[in-house]
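Engineer: Going by my numbering, the first residue of the sequence shown is number 170, and it counts up by one from there. Pasting a structure here, questions to come.
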Amino acid sequence: SSVQLGDIVELQEGTVSNTISRSKGKLFADVTGTVTSKDITKASAEVEQKIKDLELPKGIEIGVSGVTADMEEAFTQLALAMLAAIAIVYFILVVTFGEGLAPFAILFSLPFTVIGSLVALWLANETISVSAMMGMLMLIGIVVTNAIVLVDRIIHMEREGMKMRDAILEAGATRLRPILMTAIATI
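Take a look at the structure:
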């Protein structure tokens, strides 16, 4: 099935230079466009889907560059930064707490952070963007800080002889207000 160019873009007549371009020994043509919507990610995804649906003749290739390629690279770098931050935080917590179980409990809260962020984006009818990913990275820092405060209190109460369940309940009750105040002030 073929897709008419007018189905995916608004066509306007104009003049362009009539040069033949080559890259790596192959002829190529630039097709440019300007995204007029606020949601560049969605527009780029729609264009890429239309491109995937095309049945191209043999030897014809399509590549995407510009803002779309830059956004994909930024997403990749932010995802790697998130993973690196989580790994670094885990190792620092292992050294700080002297064990691996407490830091694991702290990091166990991170998937809920990402899920909550995605739900908030969905409720706000927003898409995942570079700024949303940066916000998630900052939120991970806030959640880890709050979890450290809570777990540290639980460990201290256990060392004082409290049972695990009682220590968790007591730490939750005594640290809830400071954690909420810190989180709200940070946000």
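Think of the CB as a built atom: it goes at the ideal place given N, C-alpha and C, for glycine as much as any other residue. In this text, all values refer to a predicted model and were calculated from it rather than measured experimentally.
Cutting at 6 Å between CB atoms, please list the residues of its own chain near L306, excluding the five before and the five after it.
Structural biologist: Only M251 meet the Cβ criterion.
Engineer: State whether the segment 201-219 contacts the segment 287-304, with contact taken as three or more CB pairs (one from each stretch) at a distance under 8 Å.
Structural biologist: Contact holds: three or more Cβ-Cβ distances are below 8 Å.
Engineer: Whole angstroms is fine: what's the gap from Q173's alpha carbon to E179's?
Structural biologist: The alpha-carbon atoms of Q173 and E179 are separated by roughly 11 Å.
Engineer: Give the range of the beta strand (DSSP E) segment to which S190 is assigned.
Structural biologist: From DSSP, the beta strand (DSSP E) with S190 extends over 190-192.
Engineer: Using the Cα positions of E339 and A289, report the straight-line distance between them to the nearest angstrom.
Structural biologist: Approximately 30 Å, taken between the alpha carbons.
Engineer: Is P226 buried or exposed, if buried means 16 or more other CB atoms sit within 10 Å of its CB?
Structural biologist: Classification for P226: exposed.
Engineer: Can you have a look at P272 and say buried or exposed, based on whether 16 or more other CB atoms are within 10 angstroms of its CB?
Structural biologist: Classification for P272: buried.
Engineer: In chain order, which alpha helix (DSSP H) runs of at least 4 residues are fully inside the segment 242-306?
Structural biologist: Listed in chain order, the complete alpha helix (DSSP H) runs (minimum 4 residues) inside the segment 242-306 are 270-276, 279-292.
Engineer: So V258 packs on V313, CB below 8 Å; how close in whole Å?
Structural biologist: The Cβ separation is near 6 Å, so the contact holds.
Engineer: Apply the 10 Å Cβ neighbour rule to V233 and answer buried if 16 or more other Cβ atoms are within range, or exposed otherwise.
Structural biologist: Under this definition V233 is an exposed residue.
Engineer: Got a sec: does the ligand NAD put a non-hydrogen atom nearer than 7 Å to the Cβ of A274?
Structural biologist: Among the components modelled here there is no ligand, and therefore nothing to report on the ligand NAD.
Engineer: Taking all protein chains shown into account, decide if A336 is buried (16 or more other Cβ within 10 angstroms of its Cβ) or exposed.
Structural biologist: Classification of A336: buried, given that the 10 Å Cβ count is 16 or more.
Engineer: According to DSSP, which residues form a beta bridge with K195?
Structural biologist: Partner(s): S192.
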